[in-house]
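J.: Just dropping this structure here.
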Amino acid sequence: MSEPQGGADPTQFRCMAVEDGDDFVINGEKWFSSNARFASFLIVMAVTDPDASAHGRASMIVVPTDTPGVEIIRNVGVGDEPPGHGTHAYVRYTDVRVPKQNLLGPRGQGFAVAQTRLGGGRVHHAMRTVGQIKRAFDMMCQRALSRTTKGEMLADKQMVQEKIADSWIEMEAFRLLVLRTAWRIDQFNDYLKVRKDIAAIKTMMPKVYHDVVSRCIQIHGALGVSNELPLSGMLMGSYVMGIADGPTEVHKVTIARQVLRDYEASETLFPDYTLPNRRAAALALLGHEIEREVEAW
Ligand SMILES: Cc1cc2nc3c(=O)[nH]c(=O)nc-3n(C[C@H](O)[C@H](O)[C@H](O)COP(=O)(O)OP(=O)(O)OC[C@H]3O[C@@H](n4cnc5c(N)ncnc54)[C@H](O)[C@@H]3O)c2cc1C
Numbered sequence: 001m002s003e004p005q006g007g008a009d010p011t012q013f014r015c016m017a018v019e020d021g022d023d024f025v026i027n028g029e030k031w032f033s034s035n036a037r038f039a040s041f042l043i044v045m046a047v048t049d050p051d052a053s054a055h056g057r058a059s060m061i062v063v064p065t066d067t068p069g070v071e072i073i074r075n076v077g078v079g080d081e082p083p084g085h086g087t088h089a090y091v092r093y094t095d096v097r098v099p100k101q102n103l104l105g106p107r108g109q110g111f112a113v114a115q116t117r118l119g120g121g122r123v124h125h126a127m128r129t130v131g132q133i134k135r136a137f138d139m140m141c142q143r144a145l146s147r148t149t150k151g152e153m154l155a156d157k158q159m160v161q162e163k164i165a166d167s168w169i170e171m172e173a174f175r176l177l178v179l180r181t182a183w184r185i186d187q188f189n190d191y192l193k194v195r196k197d198i199a200a201i202k203t204m205m206p207k208v209y210h211d212v213v214s215r216c217i218q219i220h221g222a223l224g225v226s227n228e229l230p231l232s233g234m235l236m237g238s239y240v241m242g243i244a245d246g247p248t249e250v251h252k253v254t255i256a257r258q259v260l261r262d263y264e265a266s267e268t269l270f271p272d273y274t275l276p277n278r279r280a281a282a283l284a285l286l287g288h289e290i291e292r293e294v295e296a297w
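Heads up: the sequence shown begins at 1 in the numbering used here, then just goes up one per residue.
Listed below in C-alpha cells is the structure:
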C-alpha cells in the first residue's frame, strides 16, 4: 500500500493500474513493502478507477515478483540494521503487465480488502507485543531481585517498586484489552463491528511497550543499554508499533469517531444533566407525587 509521498493517508496513493485488453498495466512506486525481497508475489494497491469516490478508486492486484518491470530500488532497514540487511523494500513498478484475473477482491474495493487484512494483522501485532512486554517485565523483576545497592536490593527501593507496579498494571490492562478484542472478533466475525476495539489496542500498544521497556532499561543500568540485551531493539520496536499499519494519531481519530456515534447532542442550552434541568425533569415526571407528599405533611 504505502507510497513514498504518503502512507497514513491512502487517498494520496498514485500508483496506477490501467486496463489494456485482458491485462492491467501498473506504474508507480511503493515504499516499505515488508519482506518483498523474499516474496514470490506482491500485493499491490493501485488506482484502477481514478474518477470514483476517494475510497472506491483503488484495487488490490497480485503481481508475481519476477514480472518484467518490478524493480526493488533498495531494501530499507529499521533502527541500526546494517545496510543491505533491511527487509522493507522501496519498489518501482514500470509498465508491469499482469492479467486482470490477478485482481484480489472486487475492483475498486482495495480499501475494504486492506482494512479486513489490516484489522486481523493489528491484533496479531498486539498479541506478539504482549509477549515482548512480558519478556521485558520478567527481566526487570529478576534484575530487581538480583542487584544490591546501598545495602539493599533494588526490589526494596520504592522508586523501583513503582516501576514494577506501573508496568504490571499497564501490561495486564493491555493484555486483557487484547483478549477482549480477540473475543469480540470471535463473537461478531465482522471486523467493521470491532473497529474501535482494534484501534484501541493499536493505540495502547506502542505506549505500554515503550514504557515497560524503558523502565526495564533503567533498572538494568549500563547493561540495559548494552548490546548484550535485546532492549534497545525492543524500544525501536515500540516506535514501529506506533507507525506500521497506521500511525497512532489516525487510530485515535477512529476511536473517538466510533465512540461518539453512541452519543447525541444536547437539545437544550444547558446540558440535561445539570442540576436545574434534572430537577425540572424530575418534577415533570414525579411532580404530582411530590405535591401529594407535601400535602400529607
Ligand atoms: C516496520 C514497518 C513495516 C511496514 N510494512 C509495510 C508494508 O508491508 N506494506 C505497506 O504498505 N506499508 C508498510 N509500512 C508503512 C506504514 O504503513 C506507514 O509507515 C504508515 O502508514 C505511516 O505512513 P508514513 O510512514 O508515510 O507516515 P506519514 O503518513 O508521513 O505520517 C507521519 C506522521 O504524521 C502524523 N500523522 C499522520 N496522519 C495524521 C493524522 N491524520 N492526524 C495527526 N497526525 C498524523 C503521525 O505522527 C505520523 O506518524 C511499514 C512501516 C513500518 C515502520
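Heads up, the beta-carbon is just placed ideally off N, CA and C, and yes, glycines get one too.
Fair warning: this is a prediction, and the values are worked out from it, not measured in the lab.
In angstroms, rounded to a whole number, what distance separates the CA positions of residue 138 and residue 213?
T.: Taking the straight line joining both Cα atoms gives about 11 Å.
J.: Quick test of your reading: residue 258 and residue 195, contact by CB under 8 Å. State the CB separation rounded to the nearest angstrom.
T.: 6 Å between Cβ atoms; contact.
J.: Quick one: Cα of residue 306 to Cα of residue 31, how far?
T.: The shown model of the chain, from 1 to 297, leaves out residue 306, and the question about it has no answer.
J.: How should residue 17 be labelled, buried or exposed, when 16 other C-beta atoms within 10 angstroms of its C-beta is the threshold for buried?
T.: Result: buried.
J.: Could you work out which residue in 289, 199, 262 is closest to residue 253 when comparing CA atoms only?
T.: Comparing Cα positions, the closest option is 199.
J.: I'd like to check one pair, residue 8 with residue 247: are the Cβ atoms closer than 9 Å?
T.: Taking 9 Å as the Cβ cut-off, residue 247 and residue 8 qualify as a contacting pair.
J.: When every heavy atom of ligand 1 is checked, does at least one fall within less than 8 Å of the C-beta of residue 2?
T.: Checking every heavy atom of ligand 1 against the Cβ of residue 2, one is found closer than 8 Å.
J.: Quick check on residue 206: does DSSP put it in helix, strand or coil?
T.: The answer is helix: DSSP assigns residue 206 an H, G or I state.
J.: What separation, rounded to the nearest whole angstrom, lies between the Cα atoms of residue 217 and residue 125?
T.: C-alpha separation (whole angstroms): 22 Å.
J.: Taking the alpha carbon of residue 115 as the reference point, which residue from 171, 1, 184 has its own alpha carbon closest?
T.: The option with the nearest alpha carbon to residue 115 is 1.
J.: Cβ atoms of residue 39 and residue 59: under 9 Å apart, would you say?
T.: Taking 9 Å as the Cβ cut-off, residue 59 and residue 39 do not qualify as a contacting pair.
J.: Provide the residue span of the alpha helix (DSSP H) that contains residue 1, from first to last.
T.: That residue, residue 1, is in no alpha helix (DSSP H); it is neither H nor E in DSSP.
J.: Is it right to say residue 153 is buried, meaning 16 or more other beta carbons lie within 10 angstroms of its own, or is it exposed?
T.: Per the 10 Å Cβ criterion, exposed.
J.: Helix, strand or coil for residue 239? Go by DSSP, reduced to three states.
T.: In the structure shown, residue 239 sits in a helix (DSSP, three-state: H, G or I).
J.: Check residue 8 in the structure and name its three-state DSSP category.
T.: Of the three classes helix, strand and coil, the one that applies to residue 8 here is coil, per DSSP.
J.: Using alpha carbons as the reference points, say which of 144, 165, 164, 225 lies closest to residue 155.
T.: It is 144 whose Cα lies nearest to the Cα of residue 155.
J.: Which of helix, strand or coil does DSSP assign to residue 21?
T.: Coil, per DSSP.
J.: Does the pairing of the stretch 61-81 with the stretch 89-107 give three or more beta-carbon distances under 8 Å?
T.: The answer is yes - the stretch 89-107 touches the stretch 61-81, with three or more Cβ pairs under 8 Å.
J.: Just checking residue 203 against ligand 1 - is the residue's beta carbon closer than 8 Å to any of the ligand's heavy atoms?
T.: No, ligand 1 has no heavy atom inside 8 Å of this Cβ.
J.: If you draw a straight line from the C-alpha of residue 112 to the C-alpha of residue 202, how long is it?
T.: Looking at the two C-alpha atoms, the distance is approximately 19 Å.
J.: Any heavy atom of ligand 1 closer than 8 Å to the Cβ of residue 243?
T.: Result yes, Cβ under 8 Å from ligand 1.
J.: Can you tell me whether residue 267 sits near ligand 1, meaning its C-beta is under 8 Å from at least one heavy atom of the ligand?
T.: No - ligand 1 has no heavy atom lying nearer than 8 Å to the Cβ of residue 267.
J.: Indicate, with yes or no, if ligand 1 has a heavy atom lying under 8 Å from the CB of residue 33.
T.: Checking the Cβ of residue 33 against ligand 1 gives yes.
J.: Just to confirm, are residue 6 and residue 93 a CB contact at a threshold of 9 Å?
T.: No, these two residues do not count as a Cβ contact at 9 Å.
J.: Consider the C-beta atom of residue 113 and the heavy atoms of ligand 1; say whether any pair is separated by less than 8 Å.
T.: No, since every heavy atom of ligand 1 falls outside the 8 Å radius drawn around the Cβ of residue 113.
J.: So, with DSSP's three-state summary, where would you put residue 31?
T.: DSSP places residue 31 in strand when its eight states are reduced to three.
J.: Drop a sphere of 10 angstroms on the beta-carbon of residue 160, count the other beta-carbons inside from all chains shown, and report buried for 16 or more, exposed for fewer.
T.: Label assigned to residue 160: buried.
J.: When DSSP builds the beta bridges, which residues end up paired with residue 75?
T.: Beta-bridge pairing links residue 75 to 89.
J.: Near residue 316, which residues of its chain fall below 6 Å by C-beta distance, leaving aside the five closest residues on each side in sequence?
T.: Within the shown structure, residues of the chain are numbered from 1 to 297, placing residue 316 beyond reach of any answer.
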